[in-house]
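From first to last, the protein sequence lines stand for chains A and B.
Using the numbering used here, the first residue of the first sequence is number 1, and each one after it goes up by one.
Using the numbering used here, the first residue of the second sequence is number 1, and each one after it goes up by one.
Working notes for the structure below.
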Amino acid sequence: MNRQKQSYVTIKGTKDGLTLHLDDTCSYDDLIAELEEKLTVNEPKESDGPLVSVHLKVGNRYLTPKQEEELRALIRGKNNLVVQSIDSNVITKEEALQWKRKTEIVSVSKIVRSGQVLHVQGDLLLIGDVNPGGTVIAGGNIFILGALRGIAHAGYYGNKDAVIAASIMKPMQLRISDVMSRAPDYKTDERNEMECAYIDDDNQIVVDRLQLLTHLRPNLSR
Amino acid sequence: MGEAIVITSGKGGVGKTTTTANVGTALALLGKRVCLVDTDIGLRNLDVVMGLENRIIYDLVDVVEGRCTIQKALVKDKRFDDQLYLLPAAQTSDKTAVTPEQMKRLVEELKQDYDYVLIDCPAGIEQGYKNAVAGADAAIVVTTPEVSAVRDADRIIGLLEKEEHIKPPRLVINRIRGHMVKNGDMLDIDEIVMHLSIDLLGIIADDENVIKASNNGEPIVLDPSSRASISYRNIARRILGESVPLQPLEEEQKGLFAKIKKLFSVR
Ligand SMILES: Nc1ncnc2c1ncn2[C@@H]1O[C@H](COP(=O)(O)OP(=O)(O)O)[C@@H](O)[C@H]1O
Ligand SMILES: [Mg+2]
Chain A
1 MNRQKQSYVT IKGTKDGLTL HLDDTCSYDD LIAELEEKLT VNEPKESDGP
51 LVSVHLKVGN RYLTPKQEEE LRALIRGKNN LVVQSIDSNV ITKEEALQWK
101 RKTEIVSVSK IVRSGQVLHV QGDLLLIGDV NPGGTVIAGG NIFILGALRG
151 IAHAGYYGNK DAVIAASIMK PMQLRISDVM SRAPDYKTDE RNEMECAYID
201 DDNQIVVDRL QLLTHLRPNL SR
Chain B
1 MGEAIVITSG KGGVGKTTTT ANVGTALALL GKRVCLVDTD IGLRNLDVVM
51 GLENRIIYDL VDVVEGRCTI QKALVKDKRF DDQLYLLPAA QTSDKTAVTP
101 EQMKRLVEEL KQDYDYVLID CPAGIEQGYK NAVAGADAAI VVTTPEVSAV
151 RDADRIIGLL EKEEHIKPPR LVINRIRGHM VKNGDMLDID EIVMHLSIDL
201 LGIIADDENV IKASNNGEPI VLDPSSRASI SYRNIARRIL GESVPLQPLE
251 EEQKGLFAKI KKLFSVR
C-alpha cells in the first residue's frame with residue numbers, strides 16, 4: 001500500500017463527531033479511493049454502537065448533487081457513521097444568483113394598479129403606491145414609500161419575520177408568510193404616520209408604529 | 001400625419017361614446033379634420049349620438065373584409081364642410097370579426113387624411129379593447145366619480161401603460177354632481193386624480209342636456225350656451241396643446257369641492 005504518499009483525507013475528532021478535511025486539488029476518484037481505504041481501516045467492529053456525526057469540509061471543490069450523494073452513501077456504509085454536513089467554499093453561479101435575488105433589496109418606481117401583480121424574490125422597496133386591486137409580493141420585507149391600498153404579501157416563501165411598512169397603510173389585505181389579515185369593514189381614519197405590519201407572538205398580524213421595528217426586528221439593519 | 005386617440009374606460013356607461021362625439025365635434029369646430037371610429041362592434045351607438053344613423057351604408061367590418069373602400073364607408077357630417085366623418089361599427093357581427101392588426105392598418109390609413117382619429121372603445125378589456133387600442137397613439141380614460149368606475153379606470157391605465165406605442169393616458173372625469181360630493185356619496189376630483197396619478201384633461205358636470213342632445217343626435221357641444229359644451233370645448237383645446245386653465249364654471253366647481261373637502265377633514 002502507498003501509505004507514505006501525501007494524504008488527501010485528514011480525520012479529526014471533535015466534541016460533536018468527526019470532521020473530515022478532504023483535499024480539493026486531487027481528482028475526485030483519488031479522493032473517494034482514499035476515503036474508502038481510511039474509513040475501512042478505522043471502522044469499528046460492532047455495528048450497533050452509537051451513531052457518530054461526520055462533517056465534511058471539501059474546501060474549494062464543487063460537488064455535484066450526485067457526488068454528494070455518493071459521499072454520503074460511502075460514509076453511511078461504514079459502521080455507525082452518518083454525514084451531518086457538507087461544507088464547500090464554492091457554489092454554482094445559479095445558486096449565487098438565487099442567493100442574491102433572495103437577499104437583495106429590489107427598488108421599483110411605479111404605481112401598482114388594479115389587476116397588476118409585482119413579485120420580487122428579496123425585499124421590495126416600492127417608490128409609488130399600490131392601488132386597490134393591485135398586489136405586491138416579496139420573499140422578504142416590503143417597504144412602500146407611498147400608499148398601500150391593495151394587497152401586500154411579505155415572507156412569501158415562509159419567512160414569518162418579514163414585515164410590511166407603508167407611508168399610508170390602508171390595505172385591502174395583508175399577508176405575512178401564511179398568516180393573513182383583512183381590512184376592517186368600516187372606514188378608518190388615515191393616519192399621518194408611517195406604519196408597519198408584523199406577526200406578533202400570538203401568530204397574528206398587527207399594524208403599529210414603524211419605530212417599533214427597531215426592537216422587534218433588529219435584523220432589518222444590514 | 002394625424003394622431004389617433006382612443007377613448008376608453010373599462011366600465012360601461014361612463015360616457016366614452018358621449019366624450020368621443022363631443023370632443024370630436026369640438027375639434028372639428030376648431031378647424032381640424034376629424035374621423036370618429038366606432039369599435040363597439042355589435043353595440044354601435046356613436047352614429048346615433050352623432051345623428052348619422054340613417055346615412056350608414058357600409059361599416060368597419062365591411063372595410064376590413066374588403067367589401068368596400070374606407071372612403072365609401074365613411075359617413076360625412078353635413079353640419080361641417082368636409083371636416084367631420086364617422087366610420088360606423090357593424091351591428092350584425094361580433095367583436096372577433098376584426099383583429100388588432102387589421103385595426104392598426106385601418107387607423108394608419110385614416111391618419112394620412114385626418115388630423116385626429118378618435119376611436120370609441122367598447123367596455124371591457126378583451127378583444128374589443130385590444131382592437132381599439134391597437135392603432136392608437138394616445139389615450140383618454142373616462143371615469144365617473146364612483147368607486148367602481150375609478151377602479152376600472154385604474155385597471156385600464158395599467159394596461160395602457162404597457163402599450164409602448166401609446167403616450168401616457170389622460171383623464172376625463174364625467175358626470176360630476178355637486179350635491180353628491182357634498183354628501184360624501186361621491187369621490188371628489190382631487191381624490192380621484194391623486195389616486196390614479198395621471199394628468200387631468202377635463203371635468204364635465206352631470207347635465208341632463210347632454211342626454212337630451214344625444215337623443216336628438218346633436219352633440220351638446222354644438223350648443224355653446226351649456227356648461228358641458230364649454231367643458232368639451234376646453235378639452236379639445238387642451239388636446240391641441242393650449243394650456244387652458246380650469247374654466248370659471250369648472251373652477252367654481254373645483255373651488256366648491258376644495259371647500260367641502262376642507263370642511264370634512266376638519267372634524
Ligand atoms: N355629462 C353627462 N351628463 C349626463 N348624462 C351623461 C353625461 N355623459 C354621458 N351621459 C349619459 O350616460 C349614458 C352613457 O353614456 P355613453 O357615452 O353611452 O357611455 P359609454 O360609451 O361609456 O358606455 C348615456 O345615456 C349618456 O347620455
Ligand atoms: Mg359606448
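We treat Cβ as the ideally placed atom computed from N, Cα and C, and that holds for glycine.
Remember, it's a predicted structure, so these values are computed and weren't measured experimentally.
Chain A residues whose Cβ lies nearer than 8 Å to that of residue i
i	result
Ile157(B)	Arg113
Neighbourhood of residue i by C-beta, 8 Å cutoff - its chain only, sequence neighbours within 5 removed
i	result
Ser47(A)	Asn79 and Asn80
Val147(B)	Leu187
Glu252(B)	Per-residue confidence for Glu252(B) stands at a pLDDT of 48, beneath the threshold of 50, marking its modelled position as unreliable; the derived number appears in the next sentence. No residues qualify anywhere along the chain.
Ile198(B)	Val141, Ile157, Pro168, Pro169, Arg170 and Leu171
Limits of the unbroken beta strand (DSSP E) element including residue i
i	result
Gln84(A)	Leu81 to Ser88
Ala228(B)	No beta strand (DSSP E) contains Ala228(B), which is instead part of the alpha helix (DSSP H) from Arg227 to Ile239.
Thr14(A)	Val9 to Thr14
Gln173(A)	Gln173 to Ile176
Ala73(B)	Ala73(B) -> not in any beta strand (DSSP E); alpha helix (DSSP H) instead, spanning Ile70 to Ala73.
His21(A)	Gly17 to Leu22
Leu148(A)	Ile142 to Leu148
Tyr116(B)	Tyr116 to Asp120
Beta-carbon contacts of residue i that lie in its chain and below 6 Å, excluding the five residues immediately before and after
i	result
Asn219(A)	none
Gly128(B)	Lys95 and Pro122
Val206(A)	Asp200
Ala149(B)	Lys11, Val14 and Thr143
Leu43(B)	none
Thr10(A)	His21
Glu230(A)	Limits of chain A in this structure are 1 at one end and 222 at the other, which puts residue 230(A) out of reach.
Asp23(A)	Tyr8
Gln91(B)	Arg44
Ala96(A)	none
Ile235(B)	Val23, Leu201 and Gly202
Asp87(A)	Lys57
Leu52(B)	Val75 and Leu86
Phe143(A)	Leu125 and Ala165
Interface residues of chain A facing residue i [CB-CB closer than 9 Å]
i	result
His195(B)	Asp129, Asn131, Pro132, Ala147 and Arg149
Asp82(B)	Here the premise fails: no neighbours, minimum Cβ distance about 41 Å.
Extent of the continuous alpha helix (DSSP H) run through residue i
i	result
Val130(A)	First-last for Val130(A): undefined, no H or E at that position.
Tyr28(A)	Tyr28 to Asn42
Gly24(B)	Lys16 to Leu29
Gln67(A)	Pro65 to Arg76
Thr214(A)	Leu213 to Leu216
Thr135(A)	No alpha helix (DSSP H) holds Thr135(A); the beta strand (DSSP E) holding it covers Thr135 to Ala138.
Leu196(B)	Ile189 to Leu196
Leu97(A)	Lys93 to Thr103
Beta-carbon neighbours of residue i, restricted to chain A and to distances below 7 Å
i	result
Asp115(B)	In chain order: nothing, as chain A lies at least about 31 Å away.
Arg151(B)	Ser114, Pro132 and Gly133
Asp188(B)	In chain order: nothing, as chain A lies at least about 15 Å away.
Beta-carbon proximity list for residue i, same chain, < 7 Å, skipping 5 on both sides
i	result
Asn45(B)	Thr17
Ile56(B)	Asp47, Val75 and Pro88
Asp202(A)	none
Val163(A)	Asn141, Ala154, Cys196, Ala197, Tyr198, Leu213 and Arg217
Ser114(A)	Asn131, Pro132, Gly133 and Gly134
Asp152(B)	Ser9, Gly10 and Lys11
Ala138(B)	Glu3, Ile5, Ile166 and Lys167
Ser229(B)	Ile220, Val221 and Asp223
Arg238(B)	Leu201, Gly202 and Val244
Ile82(B)	Per the sequence shown, the amino acid found at residue 82(B) is Asp instead of Ile. Hits under 7 Å: none found.
Val266(B)	Note that Val266(B) has pLDDT 36, beneath the 50 cutoff, so the model's placement of it is unreliable and the number below is only indicative. No residues qualify anywhere along the chain.
Assumed close pair residue i, residue j - CB separation to whole angstroms, cut-off 8 Å
i	j	result
Glu193(A)	Arg209(A)	7 Å
Asn131(A)	Asp154(B)	5 Å
Ala132(B)	Val23(B)	Their Cβ separation, rounded to whole angstroms, is 15 Å, which puts Ala132(B) and Val23(B) out of contact at 8 Å.
Ile140(B)	Arg175(B)	Actually they are not in contact, since the Cβ atoms of Ile140(B) and Arg175(B) sit about 15 Å apart, beyond 8 Å.
Thr39(B)	Asp115(B)	Not quite, the Cβ-Cβ distance comes to about 20 Å (not below 8 Å), so this is no contact.
Lys170(A)	Leu148(A)	7 Å
Gln84(A)	Val54(A)	6 Å
Val172(B)	Ile204(B)	7 Å
Gly66(B)	Glu108(B)	Actually they do not touch by this definition, with Cβ atoms about 16 Å apart.
Ile70(B)	Val61(B)	About 13 Å separates the two Cβ atoms, so there is no contact after all.
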